[in-house]
Structure formats: structure tokens, C-alpha cells
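Beneath this line is the structure, given in C-alpha cells, with notes to follow.
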Amino acid sequence: MRKDRLVTPSYCFILAANFLLYFGFWLLVPVLPFYLSEIFHASNSTIGIVLSCYTVSSLCIRPFSGYLLDTFSRKPLYLLAYFVFTLIFAGYMMAGLLTIFIIFRVIHGISFGMVTVGGNTVVIDIMPSSRRGEGLGYYGLANNIAMSIGPMFGLFLHSGGASYTIIFSYALGSCVLGFLAACMVRTPYKAPVKRAPVSLDRFILLKGIPAGFSLLLLSIPYGMTTNYVAMYARQIGITAETGFFFTLMAVGMAISRLFSGKLVDKGMITEVITAGLYLVSICYFLLTACGWLAEWDMTFTAILFFLISLLLGIGFGTMFPAYNTLFVNLAPNSQRGTATSTYLTSWDVGLGIGMLAGGYIAEISTFRMAYLCGAILTVISIGYFHFKAGPHFEKNRLR
């Protein structure tokens, strides 16, 4: 067997597990704002707070999960988190009060923070290092395919009159199948390690902080997009099925996987990230402009709206494997979990801010202004990466 062989049974199983986990996750993302509004009569700002509880709890566990995964056997921790994540979908169906729903949401976020770090770390363990960029690209593609099908499926169920119990049941069933696939993954033997003294760099990859800040700025508008784009479309008068926004965004991510991972494996990490940053920034300014263009020509605006989703997918899909590889290349092998945790923590902090800020800005103004703020943040991210994060990576990279 070739030592650099990427496609193995375990790799296929973890791709399936990742897809099914994210399918259950993405199925609910665009539906939950409607659920909170229709069932609990929550305001936009309250919706933002409730949704952000998930991300806040997720990012709180990220640093500790990286430390645990670097210290103990990774697969059992990954499976435990996956099981809890799956179980919470059943809890949602029993949440009759907003307070109970928030409690389940917090637990769900904690398990999500652990299972995503575990999955990313396990997949790095089972793939050859020479094809890491490509392998992470396909691993992320499983998420992207779930993103293309999940939100559209969830919105179709909702617009078709399906009860929220049925929608939650689909998410639960998806993750049950994913958990079974995760159980089939075979990981290489990991010798027991001597626990390093507890210090800050065991929880956060300090050398990854500059890149993490750049990523955080980028994920704020992304958080606004995934949670509020359907409401934004309704607000400006777009009547087309907004589930296709997520589908086209995921198609764009899939297209980017055809070249981004291979470019990363050739060492073009900062170049790939820079190209993606510029494309995403342009897209968010265009998305903001849709709010004004809708008053001029609704047909043109709808076409532009869905074109933006495709280009956003290409931009983010280009950057994801590059950013992931950047963090891993800054860390020794013994800190892969910490590197992955720092990468995902940076992303989650921005998502949480985006959910909170998006709902708050929409409450006092409009979603159009929320996306304008997000577009400005992408420009700041470009400047920071160009002058600080990129040069810092080139100076401190280990491989």
C-alpha cells in the first residue's frame, strides 16, 4: 500500500461522519430563527442572544478540548462528544420553555466544540502529511455538501408545513447514522504522553493568535450570513426560495476544493488566503448593495443575490483548508489538537459576535446595515493579514 494513499476505509468513514453531523447541524441553522420567533415569540435581538449561546459555549470548550485530545486517546473523546451532540436533538423536541431550550443549546454548543476539534484532529492523524491540504479540503467538502443540502432541506420542510418536531427528527436521524460511521474509524496507535505542565500554550497556540484574529474578523459576517440571510432576503423583498443561497454557496465551496487544497500542498498558503479574502470582501459589499438595488430592480437583485452566494462559497472554500493548514504548520505534532482548537476557536468567536451583532443591528436598524458592518470588517481582515498575520506565519512556520 502506498504510504501517501489518502482514500482509505477510515478516511471514508470519517468523511461520512463529518457530513452527517453537519447535515443535522445545517438543517436547523436557517430554521431556528423562525422557530424562536413563531414558537417563543422572540425578538430579533433575543434570537441573536439565544443562537449565540451555542457558539459561546462551543468556543469556551475549544481550548480544553485541544488539551484533552493532545493528552488522551482521541477517538473515545471524539465519540463521546458525538454521542452527546446527537442526543441533544431529542432534547429540543421536549423543550417547552425558552429557558429549557437555551440550556439544551448551551450543552449542544459544548459537545459541538469538542466533536469538531476531535474530528479535525482525528482526520489529520489518519492522513499522510504530504497530502494534508488536499485531505483537509475533501474533509471540509463533506461539510460543504451538507451545507448545500441541509439548509435547503430544512427550509423546504418549514415552508412545506412540516412541524418542528419532524424537522428536529430528521436532524437526530442524520447524526445517529453519523455516530455509527464515526465508530467505524480506525485511528493509529497513540502512545501515552507525559502530561505537560498546565500553561497557556497547552490551551491556545500562541503563535497562531495573529492568524486567529484575522480569521475572527472574517467569521463575523459569516455568522450573520448563515443565521440571517433568509430574513434579510425577506426584508428586502426577495421571494425566491432562499434555501438555494446555501446550495449555491456550497457549490462554490466544492468548486474551490478542486484547486485550493493542491495549491496549499505546494506551499502557497498565504497566497490562497489572500485571494479568498479579496473575493469575500467584494461579495459582502455587493450583498449590502442588494438592499438598495431591490428598490430599483427586484429581478436583477435576486440574480445578483444568488450569484453572490456562489462567489462567497468559492472565497470561503478557498481559505478554509489554507487557514487550517496554516495553524497546523505553526505547531509541533504533539500540539495538533491545540492548533486545531485555536483555529476553530477563532472562527467560533467571530460567529458568536456575528450572531449577536447581526440581530442587534437589525433590531435598531436593518440587516442591510449589519452586512455593511460585516463588509468593513473583511477589509480590516485583509489589511491585518497582509501586514501582520501573513509575515508572522512565514517567520514562525515549522513546515
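Quick note on numbering: numbering that gives the first Met the number 0 labels position 243 of the sequence shown as 242, and the sequence is numbered without any gaps.
Glycine included, every Cβ here is placed at the ideal spot set by N, Cα and C.
The model shown is predicted, which means the values in this text are computed figures rather than measured ones.
The beta carbons of L311 and V116 sit about 25 Å from each other, so the pair does not count as a contact at 8 Å.
Within the segment 46-114, no run of beta strand (DSSP E) at least 3 residues long lies entirely inside it. Taking each of E133, A253, V184 and L292 in turn and checking the Cα distance to P75, the smallest one comes out for V184. H40 sits in coil when the DSSP states are folded into three classes, being neither helix nor strand. Scanning its chain for C-beta atoms nearer than 7 Å, with the 5 sequence neighbours on each side dropped, one finds around T241 the residues L154, V228, A229 and A232, in chain order. Here M126 is buried: its Cβ has 16 or more other Cβ atoms, across all protein chains shown, within 10 Å. Listed in chain order, the non-local C-beta contacts of F103 below 7 Å within the same chain comprise I87, G90, Y91 and A94, local neighbours out to five positions each way being set aside. The way I'd put it, the segment 10-29 does touch the segment 169-186; three or more beta-carbon pairs between them come closer than 8 Å. In the three-state reduction of the DSSP assignment, S364 falls in the coil class, being assigned neither a helical nor a strand state. Between the segment 351-362 and the segment 47-66 there are three or more inter-stretch CB-CB distances shorter than 8 Å, so the stretches are counted as touching. Within 10 angstroms of the beta-carbon of N395 lie fewer than 16 other beta-carbons, which makes it exposed.
Annotation: K387 is outside any alpha helix (DSSP H) and is labelled neither H nor E by DSSP. Secondary structure of P150 (DSSP, three-state): helix. The C-alpha of T246 is placed about 8 Å away from the C-alpha of L309.
In this structure, G382 sits away from P220, with a CB-CB distance that is not shorter than 8 Å. Under the three-pair Cβ rule at 8 Å, the segment 267-281 counts as touching the segment 314-322. Three or more beta-carbon pairs separated by less than 8 Å link the segment 363-370 to the segment 281-288, which places the two stretches in contact. Pairing C174 with G108 gives a Cβ-Cβ distance that is not under 8 Å. Rounded to the nearest angstrom, the Cβ distance from V114 to A80 is 4 Å, consistent with a contact under 8 Å. Assignment of T273 by DSSP, reduced to helix, strand and coil, places it in the helix class. For E393, the CB contacts under 8 Å within the same chain, skipping 5 residues up- and downstream, are T269 in chain order. Looking only at I38, S57 and F18, the smallest Cα-Cα distance to I106 is reached by S57.
In this structure, DSSP gives V250 a helical state, which the three-state scheme calls helix. With 16 or more other Cβ atoms from the protein chains shown falling within 10 Å of its own Cβ, K206 counts as buried.
The DSSP-derived three-state label of F258 is coil.
Excluding residues up to 5 positions away in sequence, L310, I313 and G314 lie with their Cβ nearer than 7 Å to the Cβ of L278 in the same chain. In the DSSP annotation of this structure, V28 is not part of any alpha helix (DSSP H), being labelled neither H nor E.
With contacts defined by Cβ atoms closer than 8 Å, I203 and F22 do not form a contacting pair. If you draw a straight line from the Cα of F63 to the Cα of N226, it is about 27 Å long. The three-state secondary structure of E294, taken from DSSP, is coil. Within the same chain, and ignoring the five residues on either side of T377 in sequence, the residues whose Cβ sits closer than 8 Å to its Cβ are L216, L217, P220, L276, V279, S280 and Y283.
Around the beta-carbon of I166, 16 or more other beta-carbon atoms lie within 10 Å, marking it buried.
By the neighbour-count criterion, in which 16 or more other beta carbons inside 10 Å mark a residue as buried, H40 falls on the exposed side.
Non-local beta-carbon contacts of E362 in its own chain, meaning distances under 7 Å to residues more than five positions away in sequence, involve S42, N43 and S44 in chain order.
Approximately 31 Å separates the beta-carbon atoms of L292 and T54; this is outside 8 Å, ruling out the contact.
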